[in-house]
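Working notes, beginning with the structure itself.
2 protein chains.
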Amino acid sequence: MEQRLSLVTLGVEDLEAARSFYEALGWSQRPGTEGVVFFQAGGLVVGLWRRSDLAEDSGVDDSGGWGGITLAHNVRSPAEVDAVVDEARAAGARIAREPAETFWGGYSGVFVDPDGHPWEVAHNPFWTIADDGSVVL
Amino acid sequence: MEQRLSLVTLGVEDLEAARSFYEALGWSQRPGTEGVVFFQAGGLVVGLWRRSDLAEDSGVDDSGGWGGITLAHNVRSPAEVDAVVDEARAAGARIAREPAETFWGGYSGVFVDPDGHPWEVAHNPFWTIADDGSVVL
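Dropping the structure here:
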């Protein structure tokens, strides 16, 4: 199995509401799909799909709530962390952790999307972000 | 917020067991981190961290079980789907869905890692996989 990830699908209750939230953050879907929303996100795809369909398709039981996966969006400065968290707040996200210095020497905050999926917005001074947005360890 | 994803962190019960599982699939961690495992996965990073720490850091309650996120690893042929699912089976994964043709015109199967995180292994004839493994809509 090659060391890569192609698609992260987020289960949502209301597809239109979820799409609107990510559009309010400045994202644009690939048009032409029905019943599912795909965003090109660098070299992979972030998808939105009805959570009950996703559970069935994945062969898992849905316990509700959070299930042990957190996403992160790394940016190039602490000020950019503040700006993105404020964008998420304006779009209606719950801010689970206000931006602050972290125990690992960076600066980050966490917003939670309308379907309960947390995104850490982080400035990690030890990681490099390439011009195309990819992160290189 | 730029349209990209930097890090996907999977909460795990036993860090060494989880690392061994992904190593059995052929992945190699970036050495030098303690208490956390990072895999460079194309232009982003897949991390493993203790699930209770991840929940606290993310500002969420852990309901246990699956929480509405499924990962996917796209490959270049149906035969490669079979091969990767067999690799996962040999590494001890539960196979939640055996490889078969899908309703959307592709071919896929699903394995579930030891911590309950599902991975769809898919051949999608409508998506392009670049030489570097990135997926372009």
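So the protein lines, in turn, are chains L and U. First residue of the first sequence: 1, per the working numbering; consecutive thereafter. First residue of the second sequence: 1001, per the working numbering; consecutive thereafter. Backbone N, C-alpha and C define an ideal beta-carbon position, used for all residues, glycine too.
Quiz item: When we look at the beta-carbon of V1037/U and count the other beta-carbons within 10 Å, is it buried (16 or more) or exposed?
Solution: That one is buried.
Quiz prompt | Residues from the stretch 1019-1031 of chain U in contact with chain L, defined by Cβ distance under 8 Å | solution = L1025, G1026, W1027, S1028 and R1030
Exercise. Pull up the distance between the alpha-carbon of V1085/U and that of D61/L, whole angstroms please.
Key: 20 Å
Quiz item: If you draw a straight line from the alpha carbon of S1028/U to that of L1005/U, how long is it in whole angstroms?
Solution: 20 Å
Quiz item: Could you give the distance in angstroms between the alpha-carbon of H123/L and the alpha-carbon of T70/L?
Solution: The C-alpha of T70/L is placed about 16 Å away from the C-alpha of H123/L.
Exercise. Tell me the start and end of each unbroken beta strand (DSSP E) in the stretch 1014-1065 of chain U that is at least 3 residues and wholly inside, in chain order.
Key: 1036-1041 and 1044-1050
Exercise. Would you please state the rounded distance, in angstroms, between the beta carbons of L48/L and R19/L? I believe it to be under 8 Å.
Key: 6 Å
Practice problem: List the whole-angstrom C-beta distance separating G1109/U from I1095/U, where the pair is believed to meet the contact cut-off of C-beta under 8 Å. | Solution: 7 Å
Quiz item: On the premise that N74/L lies in contact with W127/L, defined as a C-beta separation below 8 Å, what is that separation, rounded to the nearest angstrom?
Solution: 6 Å
Quiz item: Of the residues that make up the stretch 105-116 of chain L, which ones have a beta carbon closer than 8 Å to any beta carbon in chain U?
Solution: The residues in question are V110, V112, D115 and G116.
Quiz item: With 8 Å set as the bound, which would you pick, yes or no: does the beta-carbon of E1002/U sit closer than that to a beta-carbon of chain L?
Solution: yes
Quiz item: Is P1118/U helix, strand or coil by DSSP?
Solution: strand
Quiz prompt | Presumed contact (8 Å Cβ cut-off) between R51/L and G1011/U, rounded CB distance | solution = In fact, because the Cβ distance is near 18 Å, the residues do not count as touching under 8 Å.
Quiz item: What number of angstroms, rounded off, separates the C-alpha of T9/L from the C-alpha of A41/L?
Solution: For T9/L and A41/L, the distance between alpha carbons rounds to 12 Å.
Practice problem: Using a cut-off of 8 Å between C-beta atoms, extract the partners of F1039/U located in chain L. | Solution: For F1039/U, the chain L residues whose Cβ falls inside 8 Å of its Cβ are Q3, in order along the chain.
Practice problem: Look up R94/L in the DSSP assignment and say whether it is helix, strand or coil. | Solution: The three-state reading of DSSP puts R94/L in strand, counting E and B together.
Quiz item: D1014/U to G1064/U, Cα distance in whole Å?
Solution: 15 Å
Quiz item: Checking contacts by CB at 8 Å: is V1084/U closer than that to chain L?
Solution: It does; some Cβ of chain L falls within 8 Å.
Quiz item: Should A1079/U be flagged as near chain L, meaning a C-beta pair shorter than 8 Å?
Solution: A1079/U does not count as touching chain L.
Self-check item: Residue burial classification, G1116/U (beta-carbon count within 10 angstroms, cutoff 16)
Solution: Burial state of G1116/U is buried, judged by a 10 Å Cβ sphere holding 16 or more other Cβ atoms.
Quiz item: Quick one: what's got a C-beta closer than 8 Å to R76/L's C-beta in the same chain, skipping five residues either side?
Solution: Closer than 8 Å at the Cβ level, and outside the excluded window around R76/L, lie H123 and I129.
Practice problem: Could you tell me whether the Cβ atoms of F1021/U and A1091/U are closer together than 8 Å? | Solution: Yes.
Self-check item: Buried or exposed by the 16-neighbour rule on C-beta atoms within 10 Å, applied to D113/L
Solution: buried
Exercise. Could you spell out where the beta strand (DSSP E) holding N1074/U opens and where it closes?
Key: I1069 to N1074
Quiz item: What number of angstroms, rounded off, separates the C-alpha of P125/L from the C-alpha of S58/L?
Solution: 36 Å
Quiz item: Looking at the C-beta of T1070/U, does it have a partner C-beta in chain L at a distance below 8 Å?
Solution: yes
Practice problem: Could you tell me which residues DSSP puts in a beta bridge with E101/L? | Solution: Y107/L
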